[in-house]
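In numbering that gives the first Met the number 0, the protein residues as written are 0 to 394. Glycine is no exception: its CB is placed at the ideal position from the N, C-alpha and C atoms. Bear in mind the structure is a predicted one, so any value in this text is a computation, not a measurement. Below you'll find the structure, written out as structure tokens, and then a few comments.
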Amino acid sequence: MLGVAATASFASAADWLQFRGPGGTGISPEANLPVQLDAKSVTWKINLPGRGLSSPVIVGDKIFVTACSSTEQDRLHVLCFSAKTGAKLWERQFWATGRTMAHPKTSVAANTPCSDGKRLFCLFSSNDLLCLDLDGNVLWLRGLTRDYPNASNSLGMAASPIVVGDTLVVPVENDSESFSAGIDVATGANRWKRDRPKLACWATPVLVPDAKSGQPLVVLQSGPGLSVVDARTGQEAWYFTDGASTMSSSVFAGGVLYVPSKGMAAMKPGAAGVHPETVWHNNQLSPATASPVVLGDKLFTLNSAGILTAADISDGKRLWQLRTTGPHSATPVGFGKHLYLVNEKGLVQVVDTSAPEGAVVSTLDLKDTIIGTPSIAGRAVFIRSDKALVKLGGS
């Protein structure tokens, strides 16, 4: 597990460095986050220059967010704000070099950035890949469409990159020139590149340890299943061919990988040449766009209509279902015994998962379209909408 834990050695454990935060779990180690929400819970709200679905990334007091503007969504924005005050610290703008077509529900700024604690890596649906330092200086950039001109799909790309040591894993999975690549964080050059199934896929990679060496392996997910590769070389260590979601991402927690696969499957990761051990499978647990979340001894799935299902992580048996107000696209995030759910109309719902059947304990209507997943840091929840970046709680 040391290899997995060491991927962000320059950052604090309380930072939120990628899609779904620490380890890609969606769960924060923070305490004292706001639970009883009302209008006074909004610490600040900042208008953004364009749309986006990407989650905020937080490093120390800096919060980073991407956006896109113009009729063609070809103006790309990377913005940095003070997490404490909301003051804008800097903004950089770029022209997209690749395709900017996207479904009306999504955006060219759909992929969540990631950070190793000293650099920020931004991937856009146009396949423009940028590396900046935390002060906004451009270190390198690549227009991946120039190298791979057919890497695109008609709905737009949304899978997010992750950092593994000195390698940036970039998923460019689509129905034409489909691949995932390992990029040198210092230079932007390819370390490795793997062809992937020619299917549109919006699932973000996650890390699991090699069962023998403990070194980090990258779970690449697509319709046919999983290909789990060495983060340093891209060489496949093990695979799973019983299908997987192309929308919701897997989650690794407590030594078990939970995969959206014809319902949900739980498996203990394998090693080079050693296949995973399936712990359980339940075809009645059906995440939609939102990815599954493990909180305590429960696994949670959320469907588009707003049905939150809790299952026992030991055997996958359903414990309870709670009807929340939908529709939902964003993945829940949480801390302690609570989950934050944000629906597409901007309604934030706080769920107490320790209640016998789960319970919504408070709500707050932000009155804007929200598709992106919230982020947590500094005892606060950060939510980006179509128009704004909002901070709930904190100091």
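Q) Are there 16 or more other CB atoms within 10 angstroms of the CB of A289, so buried, or fewer, so exposed? A) Numbered from 1 along the sequence shown, position 290 holds the residue referred to as residue 289. So A289 ends up on the buried side.
Q. Thinking C-beta only, is G164 closer than 9 Å to G97?
A. The residue given as residue 97 occupies position 98 in the sequence shown. The residue given as residue 164 occupies position 165 in the sequence shown. No. Outside cutoff.
Q: Examine the ligand PLP and report whether any of its heavy atoms sits within less than 8 Å of the Cβ of A289.
A: The ligand PLP is absent from the structure shown, which contains no ligands of any kind.
(Q) Please identify the residue among E356, G333, L346, G295 whose C-alpha is closest to the C-alpha of W319. (A) Locating residue 319 in the sequence shown gives position 320, counting from the first residue. Comparing Cα-Cα distances from W319 to each of E356, G333, L346, G295, the minimum goes to E356.
Q) Going by the CB atoms, is the gap between N126 and A157 shorter than 9 Å? A) Translated into the one-based positions of the sequence shown, residue 157 becomes position 158. Translated into the one-based positions of the sequence shown, residue 126 becomes position 127. Taking 9 Å as the Cβ cut-off, A157 and N126 do not qualify as a contacting pair.
Q: Determine the direct distance from the alpha carbon of V349 to that of K192, and round the result to whole angstroms.
A: Numbered from its first residue, the sequence shown carries residue 192 at position 193. Numbered from its first residue, the sequence shown carries residue 349 at position 350. CA-to-CA, the gap between K192 and V349 works out to about 41 Å.
Q | Touching by the beta-carbon criterion (3+ pairs, under 8 Å), the segment 361-377 and the segment 15-24 | A | They touch, by the three-pair rule.
**Q.** Beta-carbon proximity list for G224, same chain, < 8 Å, skipping 5 on both sides
**A.** Here the question's residue 224 lines up with position 225 in the sequence shown. For G224, where only same-chain residues beyond five positions count, the Cβ hits under 8 Å are Y238, F239, T240, D241, G242, A243, S260.
Q: Check whether the Cβ atoms of L365 and S384 lie closer than 9 Å to each other.
A: By 1-based counting over the sequence shown, the position of residue 365 is 366. By 1-based counting over the sequence shown, the position of residue 384 is 385. Contact: yes.
Q: Buried or exposed for D14, please, with buried defined as at least 16 other CB atoms from any protein chain shown within 10 angstroms of its CB.
A: The residue labelled residue 14 in the question sits at position 15 within the sequence shown. With 16 or more Cβ atoms within 10 Å of its Cβ, D14 is classed as buried.
Q. When burial is assigned at 16 or more other CB atoms within 10 Å of the CB, is W94 buried or exposed?
A. The sequence position of residue 94 within the sequence shown is 95, counting from 1. The residue is exposed, with fewer than 16 neighbouring Cβ atoms inside 10 Å.
Q | Cα-Cα separation between Q214 and Q35, rounded to whole angstroms | A | Residue numbering aside, residue 214 sits at position 215 when the sequence shown is read from its first letter. Residue numbering aside, residue 35 sits at position 36 when the sequence shown is read from its first letter. Rounded to the nearest angstrom, the two C-alpha atoms are 41 Å apart.
Q: Leaving aside the five residues before and after K83 along the sequence, list all residues of the same chain whose C-beta is less than 6 Å from its C-beta, in chain order.
A: In the sequence shown, residue 83 corresponds to position 84, counting from 1. Closer than 6 Å at Cβ, skipping near neighbours: D60.
Q. What's the C-alpha gap between L1 and T186?
A. Position 2 of the sequence shown, counted from the first residue, corresponds to residue 1. Position 187 of the sequence shown, counted from the first residue, corresponds to residue 186. Reliability fails at L1, whose pLDDT of 36 lies under 50, so the model's placement of it is uncertain and no value is given.
Q | Every unbroken beta strand (DSSP E) inside the segment 235-274 [3 residues or more] | A | Counting whole runs of 3 or more residues, the segment 235-274 contains the beta strand (DSSP E) stretches 235-239, 250-252, 255-259, 263-267.
Q) Is the beta carbon of V273 less than 9 Å from the beta carbon of M266? A) Locating residue 273 in the sequence shown gives position 274, counting from the first residue. Locating residue 266 in the sequence shown gives position 267, counting from the first residue. No; because the gap between Cβ atoms is not below 9 Å, this pair is not in contact.
Q: Taking T330 as part of the beta strand (DSSP E), name the residues at either end of that continuous run.
A: Translated into the one-based positions of the sequence shown, residue 330 becomes position 331. Careful: T330 lies outside any beta strand (DSSP E) and carries neither H nor E.
(Q) Below 8 Å on the Cβ atoms is my contact criterion, and I expect H102 with G155 to pass it. Report the Cβ-Cβ distance as a whole number of Å. (A) Here residue 102 refers to the residue found at position 103 of the sequence shown. Here residue 155 refers to the residue found at position 156 of the sequence shown. Contact holds; Cβ gap of about 6 Å.
Q.
Our contact map puts V250 next to V293 with C-beta atoms below 8 Å; I'd like the distance itself, whole angstroms only.
A. Position 251 of the sequence shown, counted from the start, is the residue given in the question as residue 250. Position 294 of the sequence shown, counted from the start, is the residue given in the question as residue 293. The Cβ separation is near 6 Å, so the contact holds.
**Q.** Alpha-carbon spacing of L206 relative to S114, whole angstroms
**A.** Numbered from 1 along the sequence shown, position 207 holds the residue referred to as residue 206. Numbered from 1 along the sequence shown, position 115 holds the residue referred to as residue 114. Distance between the alpha carbons of L206 and S114 is about 15 Å.
Q: Indicate the three-state DSSP secondary structure (helix, strand or coil) for T300 in the structure shown.
A: Within the sequence shown, residue 300 is the residue found at index 301, counting from 1. The answer is strand: DSSP assigns T300 an E or B state.
Q: Assign R231 to one of three DSSP states: helix, strand, or coil.
A: On the sequence shown, position 232 is the one that residue 231 refers to. DSSP places R231 in coil when its eight states are reduced to three.
Q) Helix or strand or just coil, what does DSSP make of A185? A) As a working note, residue 185 is residue 186 in the sequence shown. DSSP places A185 in coil when its eight states are reduced to three.
Q | Cutoff 6 Å; reference V227; Cβ partners in own chain excluding five residues on either side | A | Within the sequence shown, the letter at position 228 stands for residue 227. Same-chain partners within the cutoff: L216, V218, A236, W237.
Q: Return the CA-CA distance between Q234 and R190, expressed in angstroms with no decimal places.
A: As a first step, residue 234 is located in the sequence shown; it is residue number 235 there, counting from the start. As a first step, residue 190 is located in the sequence shown; it is residue number 191 there, counting from the start. The alpha-carbon atoms of Q234 and R190 are separated by roughly 11 Å.
Q. For S217, which residues does DSSP report across the bridge?
A. Mapped onto the sequence shown, residue 217 falls at position 218. Inspection of the sequence shows that residue 217 is occupied by Val rather than by Ser. Under DSSP, V217 forms a beta bridge with L206, V228.
Q) Quick one: is E71 buried, meaning 16 or more other Cβ sit within 10 Å of its Cβ, or exposed? A) Here residue 71 is taken as the residue at index 72 of the sequence shown, counted from 1. By the 10 Å Cβ count, E71 comes out exposed.
Q | Through-space distance from S69 to A7, alpha-carbon basis | A | Taking the first residue of the sequence shown as position 1, residue 7 is located at position 8. Taking the first residue of the sequence shown as position 1, residue 69 is located at position 70. Its pLDDT being 43, under 50, A7 is placed unreliably by the model, and nothing is read from it.
Q) With burial defined as no fewer than 16 other Cβ atoms inside 10 Å of the residue's Cβ, what is the status of N149: buried or exposed? A) For the purposes of this step, residue 149 is identified with residue 150 of the sequence shown, where counting begins at 1. Classification for N149: exposed.
Q: Quickly, what does DSSP pair Y339 with across the bridge? List them, please.
A: Residue numbering aside, residue 339 sits at position 340 when the sequence shown is read from its first letter. Paired residues: V332, V349.
Q) Are S313 and P286 close, meaning C-beta to C-beta below 9 Å? A) Position 314 of the sequence shown, counting from 1, holds the residue named residue 313. Position 287 of the sequence shown, counting from 1, holds the residue named residue 286. Going by C-beta atoms, S313 is not nearer than 9 Å to P286.
Q. Is it right to say K390 is buried, meaning 16 or more other beta carbons lie within 10 angstroms of its own, or is it exposed?
A. For the purposes of this step, residue 390 is identified with residue 391 of the sequence shown, where counting begins at 1. Label assigned to K390: buried.
**Q.** Endpoints, the alpha helix (DSSP H) within which L143 is located
**A.** Here residue 143 is taken as the residue at index 144 of the sequence shown, counted from 1. Segment 143-146, the alpha helix (DSSP H) holding L143.
Q: Return helix, strand or coil for P170, following the three-state DSSP convention.
A: Position 171 of the sequence shown, counted from the start, is the residue given in the question as residue 170. Correct three-state label for P170: strand.
Q) Anyone know if the C-beta pair for H327 and V347 falls short of 9 Å? A) Translated into the one-based positions of the sequence shown, residue 327 becomes position 328. Translated into the one-based positions of the sequence shown, residue 347 becomes position 348. Against a cut-off of 9 Å, the Cβ pair of V347 and H327 comes out as no contact.
Q.
Starting from Q92, trace the beta strand (DSSP E) in both directions and tell me its first and last residue.
A. As a first step, residue 92 is located in the sequence shown; it is residue number 93 there, counting from the start. Run containing Q92: 87-94, per the beta strand (DSSP E) assignment.
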